[in-house]
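Undergrad:
In this note's numbering, the protein residues as written are 12 to 127.
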């Protein structure tokens with residue numbers, strides 16, 4: 012992670028701690044619905060920290076693979092995307108926005124008919 016990512020994670024965790032403190036105060040002195048709302052809101056910055064960490068790890072892996080392959084970061088990113096697309100599902104799944112599969116696709120689920 013770089014410096015800006017660490018700063019963002021610190022801000023996210025401070026925000027989460029503040030919302031957790033407000034949750035405790037709401038449990039003690041306020042309505043229960045508000046405590047539940049603040050408890051749920053305190054989880055959002057934690058999710059952001061996880062997302063920021065994953066992005067940092069992916070960036071580091073991209074730089075390492077580019078250094079190993081001896082090519083630029085753009086070429087390494089293109090190779091990673093190409094590998095992911097090749098491992099993805101069938102053509103019909105991509106063109107139908109994930110609603111249908113080809114007949115030969117390994118992810119195809121047989122449709123159940125409601126007709127009696």
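A virtual CB, placed ideally from N, CA and C, is assigned to each residue, including glycine. Bear in mind that the values here come from a model prediction, so they are computed numbers and not experimental data.
#1: Just to confirm my understanding: we take residue 59, look at its own chain, exclude 5 residues before and 5 after, and list those with CB closer than 6 Å. What are they?
#2: Taking residue 12 as the reference, which of 95, 112, 74, 80 has the closest Cα?
#3: Using the three-state DSSP reduction, which class does residue 85 fall into: helix, strand or coil?
#4: Which runs of the alpha helix (DSSP H) at least 4 residues long sit entirely within the stretch 19 to 99? Give them in chain order.
#5: Please say whether residue 30 and residue 53 have beta carbons closer to each other than 8 Å?
#6: Given a threshold of 16 other Cβ atoms within 10 Å of its Cβ, counted over all protein chains shown, does residue 107 qualify as buried or as exposed?
#7: Rounded to whole angstroms, what's the CA-CA distance from residue 94 to residue 88? Just pull it up for me.
TA: So, from the listed chains and residues:
#1: As a first step, residue 59 must be located in the chain shown, where it is residue number 48. Contacts found: 23.
#2: Here the question's residue 12 lines up with position 1 in the chain shown. With distances taken between Cα atoms, residue 12 lies closest to 74.
#3: Translated into the one-based positions of the chain shown, residue 85 becomes position 74. DSSP places residue 85 in helix when its eight states are reduced to three.
#4: 43 to 80, 84 to 97
#5: Counting from one through the chain shown, the residue named residue 53 turns up at place 42. Counting from one through the chain shown, the residue named residue 30 turns up at place 19. In this structure, residue 30 lies closer than 8 Å to residue 53 by Cβ.
#6: Taking the chain shown and counting its residues from 1, the one referred to as residue 107 is at position 96. Exposed, by the Cβ-count rule.
#7: In the chain shown, counting from the first residue as 1, residue 94 sits at position 83. In the chain shown, counting from the first residue as 1, residue 88 sits at position 77. Going by the C-alpha atoms only, they are around 10 Å apart.
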